[in-house]
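Numbering follows our numbering, with no gaps: position 26 of the sequence shown is 66. Below is one structure; the comments refer to it alone.
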Amino acid sequence: MKDLHRAVDAMHHPYQYSDLELERANEAIQQSPLKQFYKEYYKNLYKRILECKKKNRSAVGELGYFGG
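Here it is, written out as structure tokens:
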């Protein structure tokens, strides 16, 4: 993802993006000139997104972060 704005948007609206796009967004943010504080924030946010997706897939019938 070349556009940092799009990468940040992907992190804040993960249900609108594929897993590959989220991975690329995380990589783009980590390679950007953002301050280290923000890089850590988005790295942790990315981990939480992955955990929510995993939980959402394993919990059949349970309403999860992504609504299903």
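We treat Cβ as the ideally placed atom computed from N, Cα and C, and that holds for glycine. Source: prediction; values computed, not measured.
For TYR81, three-class secondary structure by DSSP = Three-state result, TYR81: helix.
Report the three-state DSSP secondary structure of PRO54 (helix, strand or coil).
-> Residue state, collapsed to three classes: helix.
Nearest neighbour of LEU62, chosen from LYS75, ASN96 and ARG46 [CA to CA] | ARG46
Sub-8 Å separation of LEU44 and ALA68 beta-carbons | yes
Per-residue DSSP class, three states only, for LYS75 = coil
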